[in-house]
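Numbering-wise, our numbering puts 152 at position 151 of the sequence shown, and it's gapless, one number per residue.
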Amino acid sequence: FRPSYVAIADLPWDEQKAKLADPAFKAQVLSETVDLSGQPQDIAGLLMIVSAGWNMQFEMDEDFDYEPSADASVAARAEKAGMTPDEYAWDMLCRDDFSGFIYLPILNYADGNLDFLEQLQQSDDTVNSLSDGGAHCGTICDAASPTFMLQHWVRDRRRGGKIGLESAIKRQCNDTARLYGLEDRGIIAPGYLADLNIIDMDRLKLGKPWLAFDLPAGGKRLLQKADGYVATIKNGAVTFRDGKWTGETPGGLIRGPQMVRLAEAAE
Numbered sequence: 002f003r004p005s006y007v008a009i010a011d012l013p014w015d016e017q018k019a020k021l022a023d024p025a026f027k028a029q030v031l032s033e034t035v036d037l038s039g040q041p042q043d044i045a046g047l048l049m050i051v052s053a054g055w056n057m058q059f060e061m062d063e064d065f066d067y068e069p070s071a072d073a074s075v076a077a078r079a080e081k082a083g084m085t086p087d088e089y090a091w092d093m094l095c096r097d098d099f100s101g102f103i104y105l106p107i108l109n110y111a112d113g114n115l116d117f118l119e120q121l122q123q124s125d126d127t128v129n130s131l132s133d134g135g136a137h138c139g140t141i142c143d144a145a146s147p148t149f150m151l152q153h154w155v156r157d158r159r160r161g162g163k164i165g166l167e168s169a170i171k172r173q174c175n176d177t178a179r180l181y182g183l184e185d186r187g188i189i190a191p192g193y194l195a196d197l198n199i200i201d202m203d204r205l206k207l208g209k210p211w212l213a214f215d216l217p218a219g220g221k222r223l224l225q226k227a228d229g230y231v232a233t234i235k236n237g238a239v240t241f242r243d244g245k246w247t248g249e250t251p252g253g254l255i256r257g258p259q260m261v262r263l264a265e266a267a268e
């Protein structure tokens, strides 16, 4: 939202990187003030947080804690380094061939922790879910949500209570399937689809996100790798083994609710 950057925002990414690496261009951009005058008023507050809320933004790395404390914020690290938050964020984002990332928890982080979500996940009236139909695929990575649930809430959380493995699996599998009328999956039982993940919980880990420009017209999306999945099984066929596709494609399009195959179960 600064004039000099807006002027290059529509350039191909490689051309943008060349400009961003120029110290003179950096100095010019950082000397300008954020201009939100042409932005929709209903999201002005959010845009101000994105552009200047450095106390709510955090540098991501390979071992990132998704529940960071205030002393890990961009604002705190910039102060420690004797830099302005803008300068620190610029240098960090341009590091390692422009692979830097900033984590901004927009919702449910007003208290600087995930205690509110812990309460929600203990309620029978809530369901774990994350999807916006791809509307913001350049800012969030929906597919990482199930792995995050197991990595953070079941195994790694340090700033509050954890969730039992059995509860996390039930919430993500059985409860979600029941909510959407997919009665033929979500539990392991005769007649149900053999949709399974075999997971090494000690190795389970989300990698650092990266941007891919592989959508139509060069559109971008966030991708994130997950390690620790020994096998992914769809309807009895192993589709992924140790994160690598086996060539099997047993899935198919479904329309509407799905019923348990009672006849097959009886056999």
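Each residue gets a CB set at the ideal place from its N, CA and C atoms; glycine is no exception.
- Sorting 220, 155 and 87 by C-alpha distance to the C-alpha of residue 135 places 220 at the top.
- Residue pairing by DSSP places residue 104 opposite 59 in a beta bridge.
- Cβ contact annotation for residue 45 (same chain, cutoff 8 Å, sequence separation greater than five): 37, in chain order.
- The alpha-carbon separation between residue 241 and residue 211 amounts to approximately 21 Å.
- A distance below 9 Å separates the beta carbons of residue 262 and residue 185.
- For residue 238, the secondary structure class from DSSP, reduced to helix, strand or coil, is strand.
- Under a 10 Å Cβ-count criterion, residue 140 is classified as exposed, with fewer than 16 other Cβ atoms of the shown protein chains found around its own Cβ.
- Check the Cα spacing between residue 194 and each of 235, 7 and 8: the tightest is with 235.
- In terms of CA proximity to residue 209, 103 leads the group 14, 103 and 31.
- Across the structure, residue 56 and residue 85 are spaced so that their CA atoms are roughly 12 Å apart.
- For residue 121, the CB contacts under 7 Å within the same chain, skipping 5 residues up- and downstream, are 127 in chain order.
- The alpha helix (DSSP H) runs of length 4 or more contained entirely in the stretch 156-228 are, from start to end of the chain, 166-171 and 177-180.
- As computed with DSSP, residue 259 is found in a beta bridge with 183.
- In the DSSP annotation of this structure, the continuous segment of the alpha helix (DSSP H) that includes residue 95 starts and ends at 86-99.
- By the beta-carbon neighbour count (other beta carbons within 10 angstroms, threshold 16), residue 189 is exposed.
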